[in-house]
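Here is the structure we will look at, set down as structure tokens.
Numbering (the numbering used here), first residue to last: 41 to 188.
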């Protein structure tokens with residue numbers, strides 16, 4: 041009987057030595073990844089909002105003529121939007137369909153905002169972009185809540 045108790049005690053101690061660190065590692069990983077993912081969501085949201093607000097302002101304010109002021113405004117705005125687009129591109133995973141679709145919409149916004157022939161499509165593109173971004177943020181927030 042004493043041998044049996046000793047064996048059970050030894051097995052219990054062995055399991056505790058193996059399982060304890062695994063559980064601790066899993067919890068520590070979750071506590072590190074979740075805040076990083078939340079920061080990523082916040083940064084991505086800010087950059088998308090900036091691209092969309094900059095393009096909207098440009099779409100409304102751009103005179104569309106050939107004046108030096110108009111060309112300078114177009115060049116500065118395009119440079120800013122292109123920089124933001126590239127930052128967002130580096131933050132997203134092109135293998136995820138929603139991310140790829142969002143990049144496609146942001147590309148249309150970035151490269152088509154000064155094209156008056158796309159003016160009719162502009163509100164739809166903005167609405168679709170907003171919906172895609174919201175879906176991505178919701179999916180990522182769900183991952184954060186689950187601790188993935």
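Built from N, CA and C at the ideal position, the CB exists for glycine as well.
1. Whose C-alpha, out of 137, 166 and 136, is nearest the C-alpha of residue 148?
2. Beta-carbon within less than 7 Å of residue 178's beta-carbon, same chain only, minus the 5 sequence neighbours each way: which residues are those?
3. With distances taken from CA atoms, which of 143, 138, 54 and 107 is nearest residue 122?
4. Going by other Cβ atoms of all chains shown within 10 Å of its Cβ, with 16 needed for buried, is residue 182 buried or exposed?
5. With a threshold of 7 Å on Cβ separation, who are the neighbours of residue 172 within its own chain once the five nearest residues in sequence on each side are excluded?
6. Taking 8 Å as the limit between beta carbons, can you name the residues of its chain near residue 184, skipping five residues before and five after?
7. Can you tell me the Cβ-Cβ gap for residue 84 and residue 128, rounded? I've got them flagged as a contact below 8 Å.
A quick look at the data gives this:
1. In the chain shown, residue 148 corresponds to position 108, counting from 1. The shortest C-alpha separation from residue 148 is found at 166.
2. Position 138 of the chain shown, counted from the start, is the residue given in the question as residue 178. No residues qualify anywhere along the chain.
3. Taking the chain shown and counting its residues from 1, the one referred to as residue 122 is at position 82. Comparing Cα-Cα distances from residue 122 to each of 143, 138, 54 and 107, the minimum goes to 143.
4. The residue you call residue 182 lines up with position 142 of the chain shown. Flag for residue 182 reads exposed.
5. Your numbering for residue 172 matches position 132 in the chain shown. Closer than 7 Å at the Cβ level, and outside the excluded window around residue 172, lie 138, 141, 142 and 145.
6. Taking the first residue of the chain shown as 1, we reach residue 184 at position 144. Only 74, 77, 78 and 81 meet the Cβ criterion.
7. For the purposes of this step, residue 84 is taken as residue 44 along the chain shown, with counting starting at 1. For the purposes of this step, residue 128 is taken as residue 88 along the chain shown, with counting starting at 1. Indeed, because the Cβ distance is near 7 Å, the residues count as touching under 8 Å.
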